[in-house]
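Protein chains in written order, with the numbering used here: chain X, 2 to 332; chain H, 2 to 332; chain P, 2 to 332; chain L, 2 to 332; chain D, 2 to 332; chain U, 2 to 332.
Glycine included, every Cβ here is placed at the ideal spot set by N, Cα and C.
All remarks here apply to the structure that follows.
Protein chains: 6
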Amino acid sequence: MLSQSDIISLNKGDAVDHFLIIKKCELRTSKANKQFLVLELADKSLSVNSNMFESFEEIYSKVKVGDVVKVKGSIDDYQGSPQIKVKSIKPAKFEDDVTAMDFMAKSKRDLNEMKKEFFNRVELISNLKLRTLIKNIFTDDKFEKFSLAPAGKSWHHSYIHGLLEHTLEIIKICDLMCDFHSEINRDLLICGAMLHDFGKIEELGFETGFEYTDKGKLIGHIVISAMLVDEKIKEIKEFPEDLKNCLIHLILSHQGKLEYASPVVPKTLEAITLYQADELSAKVNAYKNAIATELKTDSKWTKFISLVSTDLFNHGLNPETEKQINESLFD
Amino acid sequence: MLSQSDIISLNKGDAVDHFLIIKKCELRTSKANKQFLVLELADKSLSVNSNMFESFEEIYSKVKVGDVVKVKGSIDDYQGSPQIKVKSIKPAKFEDDVTAMDFMAKSKRDLNEMKKEFFNRVELISNLKLRTLIKNIFTDDKFEKFSLAPAGKSWHHSYIHGLLEHTLEIIKICDLMCDFHSEINRDLLICGAMLHDFGKIEELGFETGFEYTDKGKLIGHIVISAMLVDEKIKEIKEFPEDLKNCLIHLILSHQGKLEYASPVVPKTLEAITLYQADELSAKVNAYKNAIATELKTDSKWTKFISLVSTDLFNHGLNPETEKQINESLFD
Amino acid sequence: MLSQSDIISLNKGDAVDHFLIIKKCELRTSKANKQFLVLELADKSLSVNSNMFESFEEIYSKVKVGDVVKVKGSIDDYQGSPQIKVKSIKPAKFEDDVTAMDFMAKSKRDLNEMKKEFFNRVELISNLKLRTLIKNIFTDDKFEKFSLAPAGKSWHHSYIHGLLEHTLEIIKICDLMCDFHSEINRDLLICGAMLHDFGKIEELGFETGFEYTDKGKLIGHIVISAMLVDEKIKEIKEFPEDLKNCLIHLILSHQGKLEYASPVVPKTLEAITLYQADELSAKVNAYKNAIATELKTDSKWTKFISLVSTDLFNHGLNPETEKQINESLFD
Amino acid sequence: MLSQSDIISLNKGDAVDHFLIIKKCELRTSKANKQFLVLELADKSLSVNSNMFESFEEIYSKVKVGDVVKVKGSIDDYQGSPQIKVKSIKPAKFEDDVTAMDFMAKSKRDLNEMKKEFFNRVELISNLKLRTLIKNIFTDDKFEKFSLAPAGKSWHHSYIHGLLEHTLEIIKICDLMCDFHSEINRDLLICGAMLHDFGKIEELGFETGFEYTDKGKLIGHIVISAMLVDEKIKEIKEFPEDLKNCLIHLILSHQGKLEYASPVVPKTLEAITLYQADELSAKVNAYKNAIATELKTDSKWTKFISLVSTDLFNHGLNPETEKQINESLFD
Amino acid sequence: MLSQSDIISLNKGDAVDHFLIIKKCELRTSKANKQFLVLELADKSLSVNSNMFESFEEIYSKVKVGDVVKVKGSIDDYQGSPQIKVKSIKPAKFEDDVTAMDFMAKSKRDLNEMKKEFFNRVELISNLKLRTLIKNIFTDDKFEKFSLAPAGKSWHHSYIHGLLEHTLEIIKICDLMCDFHSEINRDLLICGAMLHDFGKIEELGFETGFEYTDKGKLIGHIVISAMLVDEKIKEIKEFPEDLKNCLIHLILSHQGKLEYASPVVPKTLEAITLYQADELSAKVNAYKNAIATELKTDSKWTKFISLVSTDLFNHGLNPETEKQINESLFD
Amino acid sequence: MLSQSDIISLNKGDAVDHFLIIKKCELRTSKANKQFLVLELADKSLSVNSNMFESFEEIYSKVKVGDVVKVKGSIDDYQGSPQIKVKSIKPAKFEDDVTAMDFMAKSKRDLNEMKKEFFNRVELISNLKLRTLIKNIFTDDKFEKFSLAPAGKSWHHSYIHGLLEHTLEIIKICDLMCDFHSEINRDLLICGAMLHDFGKIEELGFETGFEYTDKGKLIGHIVISAMLVDEKIKEIKEFPEDLKNCLIHLILSHQGKLEYASPVVPKTLEAITLYQADELSAKVNAYKNAIATELKTDSKWTKFISLVSTDLFNHGLNPETEKQINESLFD
């Protein structure tokens, strides 16, 4: 784990001796026809420019966007914005134990706890074909990628482990709905919940930031998920055709409306449940994050959030007092 | 409780000696300038016409739409549809212990259990002002009306006790979301959940069927609720202004979008949670009912449901087997 | 080929000795608790009811909806509508050489000519991987099904061989657009055109009428096509990843807008071309058919066509004279 | 009334000895860890920045945003924009007779004339209960606030006294419509016109600029008006229930469509009249203002106005000549 | 003027000796291959069928749809609906002084008064070119057609003289708005008001009912008006180009939005005024008519009016008392 | 034809001796109350500012926006952007043979070839009245303007000769559709294709850039075309009324939807064909241009294109190899 002062807290002239991640690394040519290196270096607190006009050739050959490097130098000031006057840049070594992940936002929930919750729930799937399918899909490799992924690029659960956190919330909401309605096929619904966003591990790249891949943009996580599930079901003998169709329908319809990019709308009881559970988990997380990060200075209101066409209100009415009491409610 | 054969099971010529509810009761004039009485009589299974050309004056003076009556006569046939040839019609007596409610659909949940759940939850509200407000609103009289009301005219939870059943579902979903997010003000959210549809007891008439009242159509349950809460808060000393605004905001915004008749969109974390929890509870109930009642003959598909612009699929994949297993999951 | 008088031309009392297709075949119970058989029998000109109260048990055990049968009897009249008084019904024999297809609308283009056009165009695909893919998909079996299918249930090219006719039109429009724009990748576009609606052979059942299958409603022809192409590409060695993504993108985006059920919008030059070519072919065919079949009596206007929110005008300005001249234009 | 040169007319080096209003007043800390004061000072013509690095403590303790102050100093230039080099800032004194209102746009109509028009019209309300209600609501205090308020933040009648000017226009349009249609209940309609936007006095703060209040954003002027009218009606004995519902309906529905934030659409003849009269008054005023203030340099066209998705044309065809003639039309 | 009993008041067996209008007149062939004549005959109260099996040849040769005829016969009954058993049908004679107009709804305003109002207002146009244009367009012939026309097929002012009544309302509303805003070019606006719907005299046929013409459907009254004004302006020397563009713009944009079939949106002050004045006049008239004609039996509510997506409320609060008082307001 | 180095290729200090077009030419006054001239000068590669503080009076009196001038001076640098330090500016002389057109983008197709194609197709119109109409409209003068015009301001075919190129594409697509469907009236459709955008020569000014005219904004090219065709048809004796209506309908409906500014939607077979052919030609051209000009640095993706609500993908899959083969397909 990384332990160093935040770049944002440094003033002009302060020394820099930090691990930073490379956000940009481009060679440019000045009007005087001289090459120089344009770098953007960041920790979690700030992204800072640094132009190198000398001795950058070796650096350029050794590092690339997304790499973590050890930077030595000092803070400079250019037209009111901080810059780094670089003395040396070296790739982080394995023994430094610092990775790009250390520079990204992360879920506040504990990964191991979430992992345990997930696999415990897998064991409770009573339909053998479905449980086998889930296990065949969530292999160690895939689960590792799945558990790292954010649930979105910027809107909800858009942080490392966010996809897993989001999936677990939906599973719990769905289980609650099954308690209300015995007509829901619980196994089918829970498997749909586990798989619905699985394709995001191919839709999004999240090694050095969260960006859509070419495949993600051209095909989208919904169909990526569907094609994968279709393929994995073919490997299971005598998987019932109608169960397959209903499961793929759950994945395809989980965004609820055609205009939200679902190619079919929910047509089964499980499908409408999954869509609404997804909405509930996603929207609440998104509003919470927006209220936390988009407040205007000296205001209880965020800036206008165009995705929801409104500004949001941070009322500041203290939930804590009650919380302590409530926590003992269900003992 | 009513115990008699269903009208739908009778054949031409069979005797009728049934309690029925009056759906229509109108005097008309024939071309020959003679008055006659047009009746529509129903039990839960069927609604049947009956025209009386003789001796109807006393009947007409004693009964009205919504009354329960004891009908004697026999089943006749008119152009392929059953009719009742009436011999006598008399208002049900008090000791018959039959009311209009006996002819309406009802929640499958037990009323007393639901009532207990509701008031237990009220006691857990830790904020004293809010708990007082809830108790002042849900007086015995009002709660009785509230506990009878359907949550809607025809779409979701549209049966006696439906509003209470719906409200309890939302409360539980909201409590679960509070478990996920400590930033939510639990007391505020739960009170919003309890009050959000309260105005439906004035928006809908449900004595003899579910119909909108004039006030319901002109003002709507959202503003009826808001005006009532505003009035009741004024009776509580030093109720904080910002808490009042946030609570009324919860009520006003709970349909989530302007085009769904909310005059403001959700702008707080509690408001977005309540809206999405309401959607989840309402939609799943609505789809369940539509799948149960709108199936086409010999088909796994319902007719086209215009409210959701699709037909729905009754896959028939048995949830029961798994259910038994699952029920022991959380012991 | 079927040669018999049209049912619609018969009058009351006329003898019936016709091959007809069974549209409905249901046992019902009368009020008098007696079983009878409800039949709907059709040729291309008319669909006629026939209720059998005697000797229907053997018939009911031998035929089902979609079967072609030889019906003997006579035309009767029931409340102004023709009925058939049935004397005997027997399944058509193999040697009768009559099938359900004889009772459905068909493309006016010659099937063999279309088939030749299609496979000639396949040979002109210069990219070997793509040409192989097309050949692997359009096997004899699959092509036969493909060449029978309509392009839609009721709107455009909704007749036997319609899907092939529609596909050929799009191919020609796309080839013309490639002539205008050398930037378009012709092989990629033409393969997309050939495959874009392929999934309709699983989406629609068309043995006895055009109906959506369960799979068709739950998954849709777009994703069915995509899953199939994904599977077939995996069988070809070293099929380039980016070519695969672009081809699947063509299929997924070919309905042009999310609200038209495409899960992604067109993002490549080929994709926008395919979408617009599809629109052009489909809309012109649909309007032509609507103008031919939906004219109001004694009017140059069709009834209101809700799919396009207008009525359509049959101006009757004679194109024939010019046509003869024009036909020699491009010799 | 304020009499001083406009800031915008001053050049670098010119002396400043002006009453100005404070738009921003924030303490900041420089990189060198030194505090300084950031001010934004404005008259009607311009808003100008001024940073104070010395002797600002006393100023900061005495003034706040919205205050009118007497500023002495001179005009400076920073990167092409004017700044004020401040020598002294003092709060305006009571005897200076300058208030924040002097820095805001105002209606061109005379306030006293408008007030007289309004109360004359009140006297003409023939229904005693309604006239009493109006008088109880428009008390001296409330009317003063009402008569100061703008009708909107920025779009139409967005200036001091704008709400009163707008209300009077609507009243006259509604009276004209009553002349056309005797079916309209004139008293009801005119009272609805008077009250429809009354809640804006709580929705908008307009002491130092036009900003929405927390209550305004969370509840909105429509429901604020409705709750107030509901409360005031309860204080009048035997106010007819149906009249109350119709009056509140007028307020709730006056924005005409759900998506314009009315929780119910117009369902009475008065309601549709009020909505359309409001639209007419608001849109014409808004377009007039936009044409006057948003013209592009050297153009007869305004910039693109996003609220109406078009640019607007100032044709410049002289209405004056005709006007003189027309003015004598109705003598 | 027509003086005879209403058909709707007649009973079976009553004699018919009435002028009626022919709504349908078609030869049909029975199953028995015998020709008969299908007639639909109507007065203002009712439309009644009559089939003639004998002696109809001469009638068929002499009358057509839209003709007024003298019918002798008696009222018969067919499956519960009245029919006319015809003895003789003769075309009305000139001296009968009965025309198709006698069978259509008419404005309640006096035609001569409206005509006078219109031409008085024309004289007040101060711009000579515009006044000349109006006079050249509203020639005696054209004005007669214009003054007969309804303003619409079924929604607002859909009765004889309705277009003139509607135009006068708009003129008065526009004059009122000019009183508020001296920036409006009154002459331009009033001419736009006079001409905006002029094309309806070619869009609608209204000799025997209100039906769109082919030209009306293919081109529409907006462009018909624009083409005519363009043509008539060319006949006036030195008509200013910008005045022409602004006037045609008024016509084209008067439906306010592209989706309402205006090819351009309002971009001038006059254009927005005309659009909103048109809306006000049209909507209030339409709601008034709907409330008068679409009430459900025994209800204060109309049936659901799909054009406005709501039902409407006839509150019945008496406007008459106040009206008498109000009428003396402006003396 | 212009032969000089591109401005964009010059570095600071390099000499300028170029023909450039004037994009801006405004007198301004400095804070020091001194006049100076603000120029924007451009070739195809770049637009560059130049402020003149001395000796600009004569220049200002001789040139205006849109003029081509000979500029002498050198490249300077102002805050990172290139500027021109002007020594002299002189209007281009006639013998320089340089016009504003030399600074605008042009179609890659040869003008003469396109002209020939167009008039060859005119000769093939078999209906004499229609051919005459086309010839009367496309007089030498008009055709010259038509052949210069772009088809749009910035979206598709937005370059000199673009309107002609676009029109020819549509003609060919329409001819292909006529080959598929003998029901289409080929003459009518092709004339509609030729005329549909003709009004753009008055809607757009394209002498010095592509800007909408006042008439263009107030009336629009659709109605301009319709009014012109209406006028020209009146000059042809006995032009059939229904043919006129159908032709004008083609023009009016060619944007396909009301919200795309067509005052009527397509109601004939020709109209739907023209609309879809227009869409196909326009969209493919627009996407091609966007992919060519809007790519992000080092990316296969363009920036977000708001007109189509997506970014676009430049897959780079080489079409060339196949193209060579395909070119010989149809020999």
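Tyr276 (chain D), buried or exposed, once every other Cβ within 10 Å from all chains shown has been counted against 16: Classification for Tyr276 (chain D): buried.
Segment contact, 8 Å Cβ cut-off, at least three pairs: the stretch 130 to 149 of chain P with the stretch 236 to 248 of chain P: Enough Cβ pairs lie closer than 8 Å, so yes.
Reduced DSSP category for Thr255 (chain D) - H, G, I as helix; E, B as strand; rest coil: Residue 255 (chain D) is actually His in this sequence, not Thr. DSSP places His255 (chain D) in coil when its eight states are reduced to three.
Positions along the stretch 181 to 192 of chain P whose CB lies within less than 7 Å of some CB in chain U: Flagged, chain order: Phe181, His182, Ser183, Glu184, Ile185, Asn186, Arg187, Asp188 and Leu189.
Inside the stretch 56 to 81 of chain P only - beta strand (DSSP E) runs reaching at least 3 residues: Taking only runs of at least 3 residues, the beta strand (DSSP E) segments lying wholly in the stretch 56 to 81 of chain P are 69 to 79.
Outcome for Gln256 (chain D) when other beta-carbon atoms lying within 10 angstroms are tallied against a minimum of 16: Around the beta-carbon of Gln256 (chain D), 16 or more other beta-carbon atoms lie within 10 Å, marking it buried.
Endpoints, beta strand (DSSP E) assigned at Asp18 (chain D): Element bounds for Asp18 (chain D): Ala16 to Thr30.
Residues, ordered as in the chain, of the stretch 256 to 280 of chain L that lie near chain D by beta-carbon distance below 7 Å: Listed by position along the chain: Val266, Lys268, Thr269, Leu270, Ile273, Thr274, Gln277, Ala278 and Glu280.
Alpha helix (DSSP H) runs wholly inside the stretch 156 to 237 of chain D, at least 4 long, in chain order: DSSP runs (the alpha helix (DSSP H)) wholly in the stretch 156 to 237 of chain D: 163 to 181, 187 to 196, 201 to 204, 215 to 219 and 221 to 235.
DSSP three-state assignment for Met53 (chain D), whether helix, strand or coil: In the displayed model, Met53 (chain D) falls within a strand according to three-state DSSP.
Rounded straight-line distance, which links the Cα of Val99 (chain H) to that of Asp111 (chain H): Approximately 19 Å between the Cα atoms of the pair.
Short CB-CB distance (under 8 Å) between Phe314 (chain L) and chain D: Yes, Phe314 (chain L) lies at the interface with chain D (some Cβ there is under 8 Å from its Cβ).
Test: Glu170 (chain U) CB closer than 8 Å to a CB of chain P: Output row for Glu170 (chain U): interface = yes.
Span separating the alpha-carbon of Lys268 (chain H) from that of His157 (chain X): Lys268 (chain H) and His157 (chain X) have their C-alpha atoms some 16 Å from each other.
Residues in the stretch 241 to 256 of chain D having any Cβ partner in chain L nearer than 7 Å: Of all residues in the stretch 241 to 256 of chain D, only Asp243, Leu244 and Cys247 come within less than 7 Å of chain L when Cβ atoms are compared, listed by chain position.
Within-8 Å CB hit, Tyr288 (chain X) to chain H: So, interface residue.
Identity of the residue in U:Gln36, U:Asn246, U:Met53 and U:Ile8 nearest Ser82 (chain U) by Cα: Per the Cα distances, U:Ile8.
C-beta neighbour in chain U for Lys334 (chain X), strict 8 Å: Nothing in the structure corresponds to residue 334 (chain X), since chain X is present only between 2 and 332.
Option in U:Ala43, U:Tyr160 and U:Glu242 with minimal Cα separation from Lys216 (chain D): Among U:Ala43, U:Tyr160 and U:Glu242, the Cα nearest to that of Lys216 (chain D) belongs to U:Glu242.
Beta carbon of Leu253 (chain L) nearer than 8 Å to that of Ile220 (chain H): Yes. Within cutoff.
Outcome for Asn12 (chain D) when other beta-carbon atoms lying within 10 angstroms are tallied against a minimum of 16: Exposed, by the Cβ-count rule.
Selection of the stretch 209 to 224 of chain P by Cβ proximity to chain X, strictly under 9 Å: Across the stretch 209 to 224 of chain P, CB contacts with chain X closer than 9 Å involve Asp215, Lys216, Lys218, Leu219, Ile220, Gly221, Ile223 and Val224, in sequence order along the chain.
Residue-chain proximity (Ala227 (chain L), chain H), Cβ-Cβ < 8 Å: Yes, its Cβ sits closer than 8 Å to a Cβ of chain H.
Rounded Cβ spacing between Ser48 (chain L) and Leu40 (chain L) (contact assumed at less than 8 Å): Ser48 (chain L) to Leu40 (chain L), Cβ: 11 Å. No contact.
Straight-line gap, Leu164 (chain U) to Glu212 (chain U) (C-alpha atoms, nearest Å): For Leu164 (chain U) and Glu212 (chain U), the distance between alpha carbons rounds to 15 Å.
Closer than 8 Å to chain L by CB, Lys25 (chain D): For Lys25 (chain D), the answer is no, since every Cβ of chain L falls outside 8 Å of its Cβ.
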